Amino acid sequence: MSQDRYKIRFDKKAQREYDKLDGSVKGHVNKGLAKLRIRADTLGKELENKRNMKLHGCKELKFKGSGIRVIYRITGRTEDELEIVMILGVGDRDEDKAFKDASNRLADFLKNLEN
Numbered sequence: 000m001s002q003d004r005y006k007i008r009f010d011k012k013a014q015r016e017y018d019k020l021d022g023s024v025k026g027h028v029n030k031g032l033a034k035l036r037i038r039a040d041t042l043g044k045e046l047e048n049k050r051n052m053k054l055h056g057c058k059e060l061k062f063k064g065s066g067i068r069v070i071y072r073i074t075g076r077t078e079d080e081l082e083i084v085m086i087l088g089v090g091d092r093d094e095d096k097a098f099k100d101a102s103n104r105l106a107d108f109l110k111n112l113e114n
């Protein structure tokens, strides 16, 4: 198995969304998170700013069978020599709510980096 290049960190609210997933869905998401630890830079769809949601620099990982999406950003920061991937949202694919929540969380995250 390949060695991890990324460390996964959750926004507090995204962690709660993840914790609420049922067992089978969480299993699918866990497999995706395991892949992110190795190649977060090559996985997922690049997101852009649209409809008042500022997600440029973020990516979306879709779990079609589960109807779930995970929105994340490679932060450019390191911890234990691994680059940090921040999970900003975990939610249903059929709603924009996950995007809106992730956009707000990203703004907070970036604001905290400045301080």
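Using numbering that gives the first Met the number 0, the letters of the sequence shown correspond one by one to residues 0 to 114. For each residue, glycine too, the CB sits at the ideal point set by N, CA and C. No experiment lies behind these values; they were computed from the predicted model shown.
For the alpha helix (DSSP H) holding residue i, just list the boundary residues, first then last.
i   : result
G56 : Per DSSP, G56 belongs to no alpha helix (DSSP H) and is neither H nor E.
By the three-class DSSP mapping on this structure, what secondary structure does residue i have?
i   : result
K19 : coil
L46 : coil
K63 : coil
R92 : coil
In angstroms, rounded to a whole number, what distance separates the CA positions of residue i and residue j?
i   : j   : result
I73 : R92 : 21 Å
V28 : G90 : 11 Å
E59 : G66 : 13 Å
On a CA-only basis, which of the options is nearest residue i? Give me that one, please.
i    : options            : result
L109 : D95, E94, M85, G90 : M85
Q14  : V69, D79, C57      : V69
T41  : K49, N48, C57      : C57
G88  : Q2, E16, K6        : E16
Starting from residue i, trace the beta strand (DSSP E) both ways and give me its first and last residue.
i    : result
D10  : D10 -> no beta strand (DSSP E), and no H or E assigned at all.
E113 : Where E113 is concerned, there is no enclosing beta strand (DSSP E), although the alpha helix (DSSP H) it sits in stretches over 96 to 113.
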